[in-house]
Amino acid sequence: MVECSDPMIEAKGLSKFYGPFIATQEVTFAVPTGQIAAFLGPNGAGKSTTMKLLTGFLTPSEGEARIGGFNMAEDRLKASGLIGYLPENGPLYNEMTPKSLLKYLGQARGLSRGQLKERLDYVVKKCSLDDVWGKQIGKLSRGYRQRVGMAHALLHDPQVLILDEPTSGLDPNQTFQVRDLIRELGKTKTILLSTHSLSEVEAVCDRVILIDRGRIVLDGTVDQMKGDGGDMEAQFRKLTSSK
Ligand code: ADP
32 MVECSDPMIE
42 AKGLSKFYGP
52 FIATQEVTFA
62 VPTGQIAAFL
72 GPNGAGKSTT
82 MKLLTGFLTP
92 SEGEARIGGF
102 NMAEDRLKAS
112 GLIGYLPENG
122 PLYNEMTPKS
132 LLKYLGQARG
142 LSRGQLKERL
152 DYVVKKCSLD
162 DVWGKQIGKL
172 SRGYRQRVGM
182 AHALLHDPQV
192 LILDEPTSGL
202 DPNQTFQVRD
212 LIRELGKTKT
222 ILLSTHSLSE
232 VEAVCDRVIL
242 IDRGRIVLDG
252 TVDQMKGDGG
262 DMEAQFRKLT
272 SSK
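Here the sequence shown is numbered in our numbering, starting from 32 and rising by one per residue.
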């Protein structure tokens with residue numbers, strides 16, 4: 032295990048500009064070890080962009096991303112080694128099967144044969160992939176594709192999970208299972224997850240970070256997100272804008 036400093040996930044003044052368009056502006060927050068933080072905001076607010084900046088999939092125009100104290104720009108291997116990332120659109124390797132993809136990705140991560148077997152057994156069980164283990168990913172339902180993405184994120188037993196809408200497209204039973212898994216993982220890992228489900232925030236998260244038009248507009252507890260009226264949805268509408 033890599034020695035890490037607290038906080039585990041740190042966005043420090045992260046801005047991303049596409050020409051004159053500002054996708055995120057001076058996004059700053061920190062998630063301490065062991066916390067499950069919800070990342071909320073309307074569509075287009077900058078959640079996925081921020082997650083891509085934190086995971087090193089995008090380079091910031093300004094600011095820095097730190098994972099476990101490692102600067103993503105300077106210590107990329109150490110920082111990214113700590114992260115399991117579920118991107119918004121799940122795995123893109125449609126021709127492969129979950130088995131061949133996860134085996135390949137585990138080998139690319141440098142897992143030994145023994146570790147790989149142990150981790151594959153773990154993710155197949157935790158992500159309920161038995162039934163589709165040998166089927167083409169491109170032919171799987173959205174729910175299964177999402178679970179292949181989760182399995183990929185968990186494969187190297189990372190300390191940090193960055194999950195972009197982990198329950199999007201899942202039916203209520205699958206959603207329940209994934210939330211249960213996230214709660215269990217949250218006992219030992221630091222998690223940032225984006226979601227549109229306010230009930231998910233209540234069910235799973237310790238903390239809420241709300242972004243609107245590229246800027247953080249609230250960073251606090253679930254109770255703070257509910258506001259004086261105790262209504263998270265009303266507070267969401269009050270603090271954010273629709274495009
Ligand atoms: P969210 O995940 O909150 O829905 P995104 O981070 O995907 O929002 O997008 C934030 C804004 O940045 C959106 O207005 C989106 O259209 C814009 N954006 C994202 N990627 C690009 C890109 N490659 N080029 C130009 N604009 C982009």
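Built from N, CA and C at the ideal position, the CB exists for glycine as well. Because the structure is a prediction, the values reported are computed rather than measured.
Give the DSSP-derived three-state secondary structure of residue i in the structure shown.
{"i": "residue 95", "result": "strand"}
{"i": "residue 84", "result": "helix"}
{"i": "residue 3", "result": "The question about residue 3 has no answer here: the residues shown for the chain are numbered 32 through 274."}
{"i": "residue 238", "result": "strand"}
{"i": "residue 119", "result": "coil"}
{"i": "residue 217", "result": "coil"}
{"i": "residue 140", "result": "coil"}
{"i": "residue 165", "result": "coil"}
{"i": "residue 32", "result": "Low local confidence applies: a pLDDT of 46 at residue 32 is under 50, so the model's placement there is unreliable, with the coordinate-based value given in what follows. Three-state DSSP puts residue 32 in coil, outside helix and strand."}
{"i": "residue 49", "result": "strand"}
{"i": "residue 245", "result": "coil"}
{"i": "residue 250", "result": "strand"}
From the options, pick the residue whose C-alpha is nearest to that of residue i; which is it?
{"i": "residue 85", "options": "224, 178, 254 and 185", "result": "224"}
{"i": "residue 167", "options": "127, 47, 45 and 52", "result": "127"}
{"i": "residue 112", "options": "53, 266 and 186", "result": "186"}
{"i": "residue 247", "options": "50, 52 and 73", "result": "73"}
{"i": "residue 9", "options": "117, 71 and 188", "result": "Nothing about residue 9 can be read from this structure; the chain reaches only from 32 to 274."}
{"i": "residue 50", "options": "116, 104, 92 and 264", "result": "92"}
{"i": "residue 134", "options": "114, 164 and 118", "result": "164"}
{"i": "residue 53", "options": "43, 81 and 160", "result": "81"}
{"i": "residue 238", "options": "230, 124, 254 and 244", "result": "254"}
{"i": "residue 114", "options": "204, 102 and 125", "result": "102"}
{"i": "residue 5", "options": "272, 244 and 230", "result": "Since the first residue of the chain shown is 32 and the last is 274, residue 5 is not available in this structure."}
{"i": "residue 209", "options": "178, 75, 161 and 94", "result": "178"}
{"i": "residue 130", "options": "119, 204, 159 and 120", "result": "159"}
{"i": "residue 180", "options": "105, 132, 249 and 43", "result": "132"}
{"i": "residue 104", "options": "43, 169 and 162", "result": "43"}
{"i": "residue 110", "options": "99, 202 and 119", "result": "99"}
{"i": "residue 66", "options": "220, 265, 146 and 272", "result": "220"}
{"i": "residue 46", "options": "245, 270, 256 and 146", "result": "245"}
Exposed or buried, residue i, counting other C-beta atoms within 10 Å across all chains shown (16 or more means buried)?
{"i": "residue 175", "result": "buried"}
{"i": "residue 56", "result": "buried"}
{"i": "residue 107", "result": "exposed"}
{"i": "residue 116", "result": "buried"}
{"i": "residue 97", "result": "buried"}
{"i": "residue 90", "result": "exposed"}
{"i": "residue 79", "result": "buried"}
{"i": "residue 268", "result": "exposed"}
{"i": "residue 144", "result": "exposed"}
{"i": "residue 173", "result": "exposed"}
{"i": "residue 69", "result": "buried"}
Any beta carbon from chain D within less than 7 Å of residue i's own beta carbon?
{"i": "residue 81", "result": "Of the protein chains in the structure, only one exists, and it is not chain D."}
Exercise answer, beta-carbon shell around ligand 1 heavy atoms below 6 Å: Qualifying residues, in the order they occur: 49, 52, 54, 72, 74, 75, 76, 77, 78, 79 and 80.
Three CB pairs or more closer than 8 Å across the stretch 220 to 238 and the stretch 185 to 200: Segments in contact, yes.
Does the stretch 73 to 88 come within contact of the stretch 152 to 170, defined as at least 3 CB pairs closer than 8 Å? no
Whether or not the stretch 205 to 222 and the stretch 139 to 150 are in contact is what I'm after, with contact meaning three or more pairs of Cβ atoms, one per stretch, closer than 8 Å; do they touch? no
Would you say the stretch 60 to 71 touches the stretch 35 to 50, given that touching needs at least three Cβ pairs under 8 Å? yes
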